[in-house]
Amino acid sequence: MIRIQAEDFDTSAEIARLTSGRGDVGAVVTFSGLCRDEAGTLAALEIEHYPGMAEAEIGRIAVQACERWPLTGLTAVHRFGRILPGQNIVLVVAASAHRQAAFEAAHFLMDYLKSRAPFWKKEHRIDGSTGEWVEAKESDEEAAARWR
Amino acid sequence: MIRIQAEDFDTSAEIARLTSGRGDVGAVVTFSGLCRDEAGTLAALEIEHYPGMAEAEIGRIAVQACERWPLTGLTAVHRFGRILPGQNIVLVVAASAHRQAAFEAAHFLMDYLKSRAPFWKKEHRIDGSTGEWVEAKESDEEAAARWR
Amino acid sequence: MTRLIYFAWIRERIGKLEEEVELPSDVTTVSDLLQWLRGRGEGYEAALQQPKIIRVAINQEHVEHREPIAGAREIALFPPMTGG
Amino acid sequence: MTRLIYFAWIRERIGKLEEEVELPSDVTTVSDLLQWLRGRGEGYEAALQQPKIIRVAINQEHVEHREPIAGAREIALFPPMTGG
């Protein structure tokens with residue numbers, strides 16, 4: 440299940456959605472991405488996204504993950520709008536009978552999401568200035584490439 | 440933080456313990472291990488542990504993880520006693536500035552915990568029989584060995 | 002008519018969220034489109050001066066610059082993504 | 002006196018959770034201990050007939066079978082672990 444939303448998410452509730460009432464799930468891996476304060480200089484991140492394509496693109500990545508690993512469930516939630524340091528930005532939950540599949544699928548989904556999902560972050564600084572748009576990192580491209 | 444307990448745990452609360460009030464955490468990976476029903480044949484698992492050594496051994500593995508990856512926090516909770524299908528057995532939470540460290544540390548801790556932490560599982564079957572003690576898997580030894 | 006949509010600093014430099022354009026018949030690939038847009042004014046030139054780094058989606062799917070734009074209802078231009 | 006502790010099916014076969022023993026002076030390594038215990042009765046023999054798979058901890062730390070047991074206050078015997 441893919442959701443793009445302004446509101447926060449609850450990790451326990453998202454795990455329960457993939458596990459409650461069933462006996463075939465042995466392993467659940469979650470990844471939460473949080474806003475860092477960049478050594479106290481960041482006031483907030485403003486996250487812009489491409490509505491429609493964001494859901495579609497994460498959905499395409501999720502389908503690849505489901506084809507590649509034997510998963511019993513997969514959830515991705517990405518927030519947009521103003522996010523303060525310490526707050527959640529993104530959640531991935533991967534469930535499977537076995538731990539290796541859950542770990543790899545969650546890691547894959549995050550690596551791909553970083554370099555393929557249409558989201559952009561703008562920094563607002565503590566000193567009141569509107570900072571720069573966050574630049575894409577070479578290392579994120581490389582992280583995605585290693586799954587090919 | 441290491442805890443061995445009979446009670447269930449709440450993943451969101453354990454994440455909050457490692458993130459609330461700080462701005463240096465960018466990534467949190469959790470692993471939850473659940474009791475599977477073995478295609479409807481399992482009534483419950485009974486988990487025995489070695490009190491004292493269980494905490495000490497998981498602590499030793501956790502120290503290795505903290506030396507190997509730049510973590511901001513690391514939690515492991517392992518339950519003992521009677522566990523029903525669909526219920527939680529174990530939780531690992533790894534927090535870091537960056538996602539690669541959080542993913543690897545959580546995966547490492549789980550792989551080592553499987554083959555080094557003094558816990559044993561006995562199966563109780565739906566048909567009323569007391570099943571066997573779960574046998575250690577070669578694949579768990581190999582999973583731990585790949586981190587060496 | 003084709004709908005063009007802009008995001009992040011491309012949107013800021015062009016000064017528009019989106020617009021409808023009638024593309025000349027010799028604009029057939031994504032590369033052609035980026036080149037054509039640069040001639041539409043200072044903001045466009047500022048946004049697209051390094052065409053190599055511009056990411057493009059046609060009908061909400063990523064495309065390479067060499068790909069044709071025939072049949073596109075919606076073309077989005079944006080910087081490298083920084084989600085997650 | 003040394004405290005011996007047993008877990009899982011080793012505990013079930015020996016029929017004891019733990020016991021205090023006076024070790025003979027020629028029992029100096031973990032291997033010696035396992036061999037000596039097998040002579041203490043049927044239950045011990047049933048529990049320890051495949052000594053290779055028995056895991057041992059001295060004072061709550063894993064040890065290899067070749068290691069000495071001098072100074073051990075608490076020696077635990079258990080099957081391969083199945084936690085997690």
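In order, the protein sequences belong to chains Z, D, R and Y.
Each residue of the first sequence is one higher than the one before, starting from 440 at the first, in the working numbering.
Each residue of the second sequence is one higher than the one before, starting from 440 at the first, in the working numbering.
Each residue of the third sequence is one higher than the one before, starting from 2 at the first, in the working numbering.
Each residue of the fourth sequence is one higher than the one before, starting from 2 at the first, in the working numbering.
Cβ coordinates follow ideal geometry from the N, Cα and C atoms, glycine included.
Keep in mind that this is a model prediction, so the values were computed, not measured.
In the structure shown, what three-state DSSP assignment does residue 48 of chain Y receive? Residue 48 of chain Y falls in the helix class under three-state DSSP.
So, helix, strand or coil for residue 554 of chain Z, using DSSP? Helix, per DSSP.
Partner residues on chain Y for residue 529 of chain D, Cβ-Cβ distance less than 8 Å: Within chain Y, the residues whose beta carbon sits less than 8 Å from that of residue 529 of chain D are 84, 85, listed in sequence order.
Identify each residue in the stretch 550-567 of chain D for which the Cβ-Cβ distance to at least one residue of chain Z is less than 7 Å, and report them in chain order. Here the close residues number zero.
Indicate the three-state DSSP secondary structure (helix, strand or coil) for residue 29 of chain Y in the structure shown. Here residue 29 of chain Y sits in coil by DSSP.
Segment contact, 8 Å Cβ cut-off, at least three pairs: the stretch 545-561 of chain Z with the stretch 475-482 of chain Z: No, they do not touch.
Compare the Cα-Cα distances from residue 22 of chain R to each of R:77, R:43, R:65 and report the closest residue. Out of R:77, R:43, R:65, R:77 has the C-alpha closest to the C-alpha of residue 22 of chain R.
How about residue 441 of chain D and residue 515 of chain D: do their beta carbons lie closer than 7 Å? Against a cut-off of 7 Å, the Cβ pair of residue 515 of chain D and residue 441 of chain D comes out as a contact.
Contact check, residue 473 of chain D vs residue 464 of chain Z, beta carbons under 7 Å: Result yes, Cβ atoms of residue 473 of chain D and residue 464 of chain Z sit closer than 7 Å.
Relative to the alpha-carbon of residue 490 of chain D, which residue among Y:52, Y:55, Y:60, Y:56 has its alpha-carbon at the smallest distance? Checked all of Y:52, Y:55, Y:60, Y:56; the closest Cα to residue 490 of chain D is Y:60.
Candidates R:8, R:44, R:4, of which the one nearest residue 561 of chain Z by Cα: The shortest C-alpha to C-alpha distance from residue 561 of chain Z to any of R:8, R:44, R:4 is the one to R:8.
Suppose the cutoff is 8 Å on Cβ atoms and the five residues either side in sequence are ignored; what does the same chain contact list for residue 20 of chain R look like? Hits under 8 Å: 4, 5.
Assuming residue 494 of chain Z is part of the alpha helix (DSSP H), what are its boundary residues? Start and end: 492-507.
Could you name the residues of chain Y that residue 517 of chain D contacts, counting a contact when the two beta carbons are closer than 9 Å? One finds 84, 85 in chain Y with Cβ atoms closer than 9 Å to the Cβ of residue 517 of chain D, taken in chain order.
Cβ pair residue 24 of chain R, residue 52 of chain R closer than 7 Å: Remark: C-beta atoms of residue 24 of chain R and residue 52 of chain R do not approach each other more closely than 7 Å.
Between which two residues does the beta strand (DSSP E) holding residue 10 of chain Y run? Looking at the DSSP string, residue 10 of chain Y is not in any beta strand (DSSP E); the run it does join, the alpha helix (DSSP H), is 9-15.
Contact list for the stretch 478-495 of chain D against chain Y, Cβ threshold 7 Å: Taking 7 Å as the cut-off between beta carbons, the residues of the stretch 478-495 of chain D near chain Y are 487, 489, 491, 492, 495, in sequence order.
Run down chain Z in chain order and give the residues with a C-beta less than 7 Å from the C-beta of residue 51 of chain R. Residues of chain Z passing the Cβ test: none, with the nearest at roughly 13 Å.
Beta-carbon gap between residue 578 of chain D and residue 449 of chain Z smaller than 7 Å: No; because the gap between Cβ atoms is not below 7 Å, this pair is not in contact.
Would you mind telling me which residues of chain R sit closer than 7 Å to residue 472 of chain Z, beta carbon to beta carbon, in chain order? Contact annotation for residue 472 of chain Z against chain R: 85 [CB-CB distance below 7 Å, chain order].
Beta-carbon proximity list for residue 18 of chain Y, same chain, < 8 Å, skipping 5 on both sides: Only 6, 7, 12 meet the Cβ criterion.
What does residue 572 of chain Z touch in chain R if you count any residue whose Cβ is under 8 Å from its own? Against chain R, the beta carbon of residue 572 of chain Z has neighbours under 8 Å at 9, 10, 80, 83, listed in chain order.
Quick one: list the residues of chain D neighbouring residue 450 of chain Z, beta-carbon separation under 9 Å, in chain order. In chain order: 450, 451, 454, 467, 469.
Under the rule that 16 or more other beta-carbon atoms within 10 Å means buried, what is residue 523 of chain Z, buried or exposed? Exposed is the call here.
Beta-bridge pairing of residue 487 of chain D - partner residues as DSSP gives them: In the DSSP assignment, residue 487 of chain D forms a beta bridge with D:559.
Nearest-angstrom Cα separation, counted from residue 74 of chain R out to residue 574 of chain D: Near 59 Å, if we compare the C-alpha coordinates of residue 74 of chain R and residue 574 of chain D.
Pull up the distance between the alpha-carbon of residue 492 of chain D and that of residue 550 of chain D, whole angstroms please. Spanning the two alpha carbons is a distance of roughly 18 Å.
Can you grab the Cα-Cα spacing for the pair residue 80 of chain Y / residue 10 of chain Y, in whole Å? Distance between the alpha carbons of residue 80 of chain Y and residue 10 of chain Y is about 7 Å.
N- and C-terminal bounds of the alpha helix (DSSP H) containing residue 56 of chain R: It is not in any alpha helix (DSSP H) - residue 56 of chain R instead sits in the beta strand (DSSP E) that spans 56-59.
Own chain, CB closer than 8 Å to residue 582 of chain D, minus 5 neighbours either side, in chain order: Correct list, in chain order: 550, 553, 554.
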